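Heads up, the thing below is written out as structure tokens.
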Amino acid sequence: MSVDDEQYVLVMERLKAEIPDLAAQLEQELKRGRAVSGQKLQHEERHERASRLEAAHLPALGKTDVAVIPYSGEERVELIRDALLTLAETMYASREAALKLTMERGIEREIRFGDPEEENPSFIHLREETERAGAVLETVRDLLSEGLDEMQPEDAR
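Using my numbering, you'd call the opening residue of the sequence shown number 60 and step up by one each time.
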């Protein structure tokens, strides 16, 4: 098993335990494979596919045809990296936008869910949530850092 395959297995096990919905989405994407044009297939892959098409008496794969190929170990790890970074960025950006909107409009920065007359309605403090999401984003960027250091979140006001 390659290093990329080992990393993939370890990360997916942790995602299944901590973020099962994301793990399921990633597994679905990885099962589908990635679509590439016939022109972009590597020489060996193109030759292998041409042999299989010829054996099945089908026309050759053209440059504009699309083939679905499995993700490599490195591509699987990169897909996970991108998904985690996108999730963290989206979490932060949505909270930051909501906080800015409440500040601009003078609206209360606490969002309450449920009936206000209930004993224990749930609520979110936007400033705290924005700060927490910013910290998560910084942590994700640090963990995945490869040239991502220059993209730090703005301080929540």
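C-beta atoms are modelled at their ideal positions from N, C-alpha and C, and glycine is treated no differently.
Here the structure is a predicted model, which is why all the values come from computation and not from measurement.
Practice task
Output the boundary residues of the beta strand (DSSP E) element that contains Ala-115.
Solution key: Premise fails: Ala-115 is in no beta strand (DSSP E) and is neither H nor E.
Exercise for the section: Could you give the DSSP three-state label for Glu-169: helix, strand or coil? Expected result: Collapsing the DSSP output to three states places Glu-169 in a strand.
Practice task
Note down, in chain order, each residue of its chain lying with its Cβ closer than 7 angstroms to the Cβ of Ile-170, except the 5 sequence neighbours on either side.
Solution key: Excluding residues within five positions, the ones whose Cβ falls inside 7 angstroms are Phe-182, Ile-183 and Leu-185.
Handout entry: Arg-164 classed as buried or exposed, judged by whether at least 16 other C-beta atoms fall within 10 angstroms
Key = With fewer than 16 Cβ atoms within 10 Å of its Cβ, Arg-164 is classed as exposed.
Exercise for the section: Could you tell me which residues DSSP pairs with Ile-128 in its beta bridges? Expected result: Paired residue(s): Arg-93.
Practice task
Count the CB pairs spanning the stretch 107-119 and the stretch 73-86 that are closer than 8 angstroms, and state whether there are at least three.
Solution key: Counting Cβ pairs under 8 angstroms, fewer than three are found: no touch.
Handout entry: DSSP bridge partner residues for Ser-181 (one or two, in chain order)
Key = According to DSSP, Ser-181 bridges with Phe-172.
Handout entry: Beta-carbon spacing of Leu-196, Glu-148 below 8 angstroms
Key = The answer is yes: Cβ separation under 8 angstroms.
Practice task
Report, in whole angstroms, the separation of the C-beta atoms of Val-199 and Leu-138, which I expect to be a contact under 8 angstroms.
Solution key: Between Val-199 and Leu-138 the beta-carbon gap is near 15 angstroms, outside 8 angstroms, which marks them as no contact.
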